[in-house]
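A short worksheet on the structure shown next.
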Amino acid sequence: MLHVMPPPTRARTLASLLRRSAKNKSDAATPMDDGLAWSAHGLAVSRSRDAAEAAQAIAAHVAKQRAAADVLHDRVHTAAARAQELAGGFGRVTDAFERLGLVALNAGLEGARLGEAQGRSLLLMSDEVRTHVARGGESTRELTAALGDIAADVNKLQTYVDQVRQGATDASQEAARVGAAATEAERAIVDLGSRLEQATGSDPATAKLVADAGAHAKALATALGALGAAAPPRLVMSALRPILEPLARLLSSPEADQEAG
Amino acid sequence: MDTLPAPPSDQRGGLVFEVEGRTFFLSAEHARKLAPRPQIARLPGAAPSLLGLVLEDGGILPVVELGPERATMIVCVHRGEQLGLLGAVGIRSGVFPADPSGGVTVDGKVIPALDLAGLYARLHAATWGASWGG
């Protein structure tokens, strides 16, 4: 706001910057450029902080994934051990059926020795038991084969889970590296800010004020151009003199000249 | 076994078993029982077909190899001497229609009788006529 006069020191600084801007339009860096540089600097600081926070969040997610994979690994390991125990159990059942089959055949032999009349009950029992033994043995073989397939799948699953765990470990290390790099980048950008402040003599707050003032000045110049085309100059001068004279004095003050020079 | 009642002439009781895809019959007169795989004590210098000796029901009997299977041993009797046959898989036991060849008919198929006497004689010849403890 041009009608609010800034404190004398600030006014001198402002005048100095404005004069420098007016004098060095063709130079590489102007106060407006400083403003843009500080704006870019602020954005870089903000983004590097975002990157560091994102890296931490990724590391936290990966740690959770790793914990879940560890639990899964334990479960799969338990399932594999259980499948092994079951395979042993099925082996014992198969042995028992084989023994029972022998008992049935021996009963049939005994029945045959007694003759069909006396050994009939033994022969019938032998056939009956043998039939059940055959069915039971076949079912046990099928179950054993199915269990073997399941055990093979569990072993594959164990391999996949191990790969996931390794991947989580790698991702965790990478996330830590990204986080460290982002933190380092933020430090470097902050350091760059200090050097920028030394090089330009401005700070982020002043640069923002300069940028704002520049934008207002551009708007004022545009408005004056439009007013000059539409109204008599005398009327324009009389209306704007109370506002423009302090500004003109500010721009032509000796301190401003000295600082700008 | 001499006291067994004689089965009708058109029937034979015994054991049907398989050796390397071939099926044989052994009459109940000779087939005493089937036993699980025994612990065999090998005899150095014995004939290749004589696998060794086993302890069965308190007695020692020689074991002859019929085939590669090792799960079951057929304990049989020939001329009062016990003999173990290893390598067979028991299929059925009971009374079956007799076949003129000395075997039986099972499910319409003729099953020849195992030549136990010939096996016994070959074993004796291979062991230089040594006695098995008779």
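These protein sequences, in sequence, are chains A and B.
What the first sequence shows, in our numbering, is residues 15 to 275, in sequence order.
What the second sequence shows, in our numbering, is residues 957 to 1090, in sequence order.
By construction, the Cβ of each residue, glycine as well, lies at the ideal position given by its N, Cα and C atoms.
Identify the continuous alpha helix (DSSP H) that holds Ala991 (chain B) and give its terminal residues.
-> Counted from its first residue, the second sequence places residue 991 (chain B) at position 35. For Ala991 (chain B), there is no enclosing alpha helix (DSSP H); the enclosing beta strand (DSSP E) has its first and last residue at 987–992.
Looking at the C-beta of Gly122 (chain A), does it have a partner C-beta in chain B at a distance below 8 Å?
-> Residue mapping note: residue 122 (chain A) aligns to position 108 of the first sequence, counting from 1. Yes, Gly122 (chain A) lies at the interface with chain B (some Cβ there is under 8 Å from its Cβ).
Between the region 252–262 of chain A and the region 92–110 of chain A, do at least 3 Cβ pairs fall closer than 8 Å?
-> By the Cβ test, the region 252–262 of chain A is not in contact with the region 92–110 of chain A, since fewer than three Cβ pairs between them sit closer than 8 Å.
Of the residues A:Ser208, A:Pro246, A:Ala231, which one's Cα is nearest the Cα of Gly56 (chain A)?
-> Within the first sequence, numbered from 1, the residue matching residue 56 (chain A) stands at position 42. Closest by alpha carbon: A:Ser208.
Measure the C-alpha to C-alpha separation of Leu1042 (chain B) and Ala93 (chain A) and round it to an integer number of angstroms.
-> Numbered from 1 along the second sequence, position 86 holds the residue referred to as residue 1042 (chain B). Numbered from 1 along the first sequence, position 79 holds the residue referred to as residue 93 (chain A). Just so you know, the alpha carbons of Leu1042 (chain B) and Ala93 (chain A) end up roughly 39 Å apart.
Short-range partners of chain A found in the region 1014–1030 of chain B, where Cβ spacing is below 8 Å = Listed in sequence order: Ala1027, Thr1028.
Hey, how far is the Cα of Ala1027 (chain B) from the Cα of Leu982 (chain B)?
-> As a working mapping, residue 1027 (chain B) is identified with position 71 in the second sequence. As a working mapping, residue 982 (chain B) is identified with position 26 in the second sequence. Put simply, the backbone Cα of Ala1027 (chain B) is about 18 Å away from that of Leu982 (chain B).
Check the Cβ-Cβ distances between Arg1048 (chain B) and every residue of chain A, and say whether any is below 8 Å.
-> For the purposes of this step, residue 1048 (chain B) is taken as the residue at position 92 of the second sequence. At a cut-off of 8 Å between beta carbons, Arg1048 (chain B) contacts chain A.
Does the distance from the C-beta atom of Gln995 (chain B) to that of Ala1054 (chain B) stay below 8 Å?
-> Reading the second sequence from its first residue, position 39 is the one you call residue 995 (chain B). Reading the second sequence from its first residue, position 98 is the one you call residue 1054 (chain B). A distance of 8 Å or more separates the beta carbons of Gln995 (chain B) and Ala1054 (chain B).
Backbone CA spacing between Val1019 (chain B) and Val1033 (chain B) [nearest angstrom] = The residue labelled residue 1019 (chain B) in the question sits at position 63 within the second sequence. The residue labelled residue 1033 (chain B) in the question sits at position 77 within the second sequence. Going by the C-alpha atoms only, they are around 12 Å apart.
Please classify Ala189 (chain A): does DSSP put it in a helix, a strand, or coil?
-> Stepping through the first sequence from its first residue, residue 189 (chain A) is reached at position 175. In the structure shown, Ala189 (chain A) adopts helical secondary structure according to DSSP, grouped into three states.
Chain-ordered neighbours of Val1051 (chain B) on chain A, where CB pairs are closer than 7 Å = Residue 1051 (chain B) sits at position 95 when you count from the first residue of the second sequence. Ordered by position in chain A, the residues that pass the 7 Å Cβ test against Val1051 (chain B) are Ala126, Glu130, Leu137.
Minimum length 4: unbroken alpha helix (DSSP H) runs contained in the region 986–1063 of chain B = Secondary structure within the region 986–1063 of chain B: not one fully enclosed alpha helix (DSSP H) run of 4 or more consecutive residues is present.
Can you name the residues that DSSP bridges to Thr979 (chain B)?
-> As a working mapping, residue 979 (chain B) is identified with position 23 in the second sequence. For Thr979 (chain B), the beta-bridge partners assigned by DSSP are B:Glu974.
Sort out for me which residues DSSP pairs Lys1065 (chain B) with in a bridge.
-> The count along the second sequence starts at 1 and reaches residue 1065 (chain B) at position 109. Residue pairing by DSSP places Lys1065 (chain B) opposite B:Val1062 in a beta bridge.
Between Val76 (chain A) and Ile203 (chain A), is the Cβ-Cβ spacing less than 8 Å?
-> In the first sequence, residue 76 (chain A) corresponds to position 62, counting from 1. In the first sequence, residue 203 (chain A) corresponds to position 189, counting from 1. Going by C-beta atoms, Val76 (chain A) is not nearer than 8 Å to Ile203 (chain A).
Determine the extent of the alpha helix (DSSP H) in which Pro246 (chain A) is found, giving its start and end residues.
-> Position 232 of the first sequence, counted from the start, is the residue given in the question as residue 246 (chain A). Counted as a single uninterrupted DSSP element, the stretch harbouring Pro246 (chain A) is not any alpha helix (DSSP H), since DSSP gives it neither H nor E.
Residues of chain B with CB under 8 Å from Leu119 (chain A), in chain order?
-> On the first sequence, position 105 is the one that residue 119 (chain A) refers to. The answer, in chain order, is Leu971, Leu990, Gly1046, Arg1048, Ser1049.
Give the DSSP bridge partners of Arg968 (chain B), in chain order.
-> What you label residue 968 (chain B) is simply residue 12 of the second sequence in a count that begins at 1. Per DSSP, the beta bridge partners of Arg968 (chain B) are B:Phe1052.
DSSP-derived helix/strand/coil call for Gly1074 (chain B) | On the second sequence, residue 1074 (chain B) is found 118 positions in, with the first residue counted as 1. Note: Gly1074 (chain B) maps to helix in three-state DSSP.
Please go through the same chain and pick out, in chain order, the residues whose beta-carbon is closer than 6 Å to the beta-carbon of Thr158 (chain A), but skip the five residues on each side of it.
-> Against the first sequence, residue 158 (chain A) aligns to sequence position 144. A distance below 6 Å between beta-carbons, with the five flanking residues on each side excluded, links Thr158 (chain A) to the following residues of its chain, in chain order: Phe104.
Alpha-carbon spacing of Leu28 (chain A) relative to Asp184 (chain A), whole angstroms = For the purposes of this step, residue 28 (chain A) is identified with residue 14 of the first sequence, where counting begins at 1. For the purposes of this step, residue 184 (chain A) is identified with residue 170 of the first sequence, where counting begins at 1. Residue confidence is low: Leu28 (chain A) scores 49 on pLDDT, short of 50, so the model does not pin down where it sits. Its coordinate-derived value is still stated next. C-alpha separation (whole angstroms): 54 Å.
Delimiting residues of the alpha helix (DSSP H) encompassing Thr108 (chain A) | For the purposes of this step, residue 108 (chain A) is taken as residue 94 along the first sequence, with counting starting at 1. Boundaries of the alpha helix (DSSP H) harbouring Thr108 (chain A): 45–128, taken from the DSSP string.
What separation, rounded to the nearest whole angstrom, lies between the Cα atoms of Val1051 (chain B) and Gly970 (chain B)?
-> Numbered from its first residue, the second sequence carries residue 1051 (chain B) at position 95. Numbered from its first residue, the second sequence carries residue 970 (chain B) at position 14. Each residue's alpha carbon lies about 6 Å from the other.
Taking a Cβ distance cut-off of 8 Å, strictly less, list which residues of the region 97–116 of chain A are near chain B, in chain order.
-> For the region 97–116 of chain A, residues whose beta-carbon sits nearer than 8 Å to a beta-carbon of chain B comprise Glu112, Arg113, Gly115, Leu116.
Where Gly125 (chain A) falls, given that 16 or more other Cβ within 10 Å makes a residue buried | Counting from one through the first sequence, the residue named residue 125 (chain A) turns up at place 111. Label assigned to Gly125 (chain A): buried.
Compare the Cα-Cα distances from Ser1057 (chain B) to each of B:Gly1064, B:Ile1047, B:Pro1068, B:Asp1063 and report the closest residue.
-> Here residue 1057 (chain B) corresponds to residue number 101 of the second sequence, with the count starting at 1. B:Pro1068 is the residue among B:Gly1064, B:Ile1047, B:Pro1068, B:Asp1063 whose C-alpha sits nearest the C-alpha of Ser1057 (chain B).
Under 8 Å between the Cβ atoms of Glu200 (chain A) and Ala66 (chain A)?
-> As a working note, residue 200 (chain A) is residue 186 in the first sequence. As a working note, residue 66 (chain A) is residue 52 in the first sequence. Contact check for Glu200 (chain A) against Ala66 (chain A) passes: the beta carbons are separated by less than 8 Å.
Report the neighbours of Gln967 (chain B) on chain A: residues whose CB is nearer than 8 Å to its CB, in chain order.
-> The residue you call residue 967 (chain B) lines up with position 11 of the second sequence. Listed along chain A are Glu130, each with a C-beta nearer than 8 Å to that of Gln967 (chain B).
Span separating the alpha-carbon of Ala243 (chain A) from that of Ala227 (chain A) = Here residue 243 (chain A) is taken as the residue at index 229 of the first sequence, counted from 1. Here residue 227 (chain A) is taken as the residue at index 213 of the first sequence, counted from 1. Rounded to whole angstroms, Ala243 (chain A) and Ala227 (chain A) show a C-alpha spacing of 24 Å.
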